[in-house]
Amino acid sequence: MKTNYDLIIFDCDGTLVNSETLNNGVTADLIAEIGLPQYDLQYCLDHFAGSTLTHIIDVLEARHEVTFPKDAIELCRQKVKLRMPTELKAIPHAVEAVGALAQNYKICVASNGERGTVLQSLDLTNLKQFFPDEIVFTANMVAHPKPAPDLFLFAAKNMGVAPERCLVIEDSIFGVQAALAAGMDVLGITGTHHAPEDQALTLRENGATDIIMTLPGILEFLAPREKVA
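Sequential numbering from 52 applies to the sequence shown in the numbering used here.
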């Protein structure tokens with residue numbers, strides 16, 4: 052297992068900021084409004100975490116022959132932004148862990164989230180100091196979002212680092228799949244998941260290089276390992 056990386060790429064929602072419940076709650080409300088209440092918060096957390104709202108809408112419209120309002124995505128964005136100042140929190144120890152990593156590695160964010168929301172999330176959680184706009188990469192910047200590798204490859208190219216020298220930090224299946232497709236190692240973080248042990252197993256089954264519970268776990272993963280005689 053190699054630990055010689057030049058760039059650490061962070062997902063945002065569920066990895067740096069604890070926004071999955073907020074985002075999926077708003078999504079569940081939207082879906083219920085068109086007559087599909089079975090897609091409640093728990094379902095959205097289990098099946099849609101890490102996906103784009105555009106993808107979710109496409110799936111449900113095809114599955115149930117329903118039509119979402121044309122402004123559905125914008126309405127969700129507005130609702131999320133209104134609730135962010137009071138409901139959004141940084142992942143525990145995020146500022147300390149990212150600050151420590153930034154001293155020895157290049158870092159950036161690559162998120163499927165809407166760009167304005169991602170930037171606001173980083174600002175509200177005191178993480179913007181480490182991630183200025185130019186090293187925050189979002190799905191609107193590439194042709195295909197996660198689980199395609201496009202976003203991670205785009206981030207690595209812009210950061211001037213080869214894919215095999217990148218380590219991705221992700222909490223979702225889509226993110227793990229995207230990192231592997233990009234030829235990158237990926238740590239699955241499970242501490243924000245409602246069922247961390249089950250999520251750890253799922254991320255391992257999808258090819259995660261290793262599993263960490265919290266962000267300081269990255270430092271432990273990267274620490275030099277003593278050779279066993």
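Ideal Cβ positions, reconstructed from N, Cα and C, are used throughout, including at glycine.
- According to the DSSP assignment, residue 110 belongs to the alpha helix (DSSP H) that extends over 104–115.
- Annotated three-state conformation of residue 70 is coil, per DSSP.
- In this structure, residue 158 sits away from residue 146, with a CB-CB distance that is not shorter than 8 Å.
- Note on geometry: alpha-carbon atoms of residue 136 and residue 175 lie some 7 Å from one another.
- Shown here, residue 240 sits in a strand according to DSSP, grouped into three states.
- DSSP places residue 95 inside the alpha helix (DSSP H), whose first and last residues are 92–98.
- For residue 58, the three-state secondary structure derived from DSSP is strand.
- Nearest C-alpha to residue 68 among 162, 202, 233: 162.
- Restricting attention to beta strand (DSSP E) runs no shorter than 3 residues, the region 139–182 encloses them at 157–162, ordered along the chain.
- With respect to residue 128, residue 168 sits close: the two C-beta atoms are nearer than 8 Å.
- The shortest C-alpha to C-alpha distance from residue 93 to any of 246, 201, 106, 116 is the one to 246.
- An exposed status is given to residue 86, since fewer than 16 other beta-carbon atoms sit within 10 Å of its beta-carbon.
- Proximity of the region 118–133 to the region 208–219 falls short of the contact definition, fewer than three beta-carbon pairs being nearer than 8 Å.
- The beta carbons of residue 109 and residue 212 sit no closer together than 8 Å.
- Between residue 72 and the set 209, 172, 138, 89, the nearest pair of CA atoms involves 138.
- Collapsing the DSSP output to three states places residue 119 in coil.
- Residues 200 of the same chain have their beta carbon placed closer than 6 Å to that of residue 232, with the five preceding and five following residues left out of the count.
- Here residue 222 carries a coil assignment [DSSP, helix/strand/coil].
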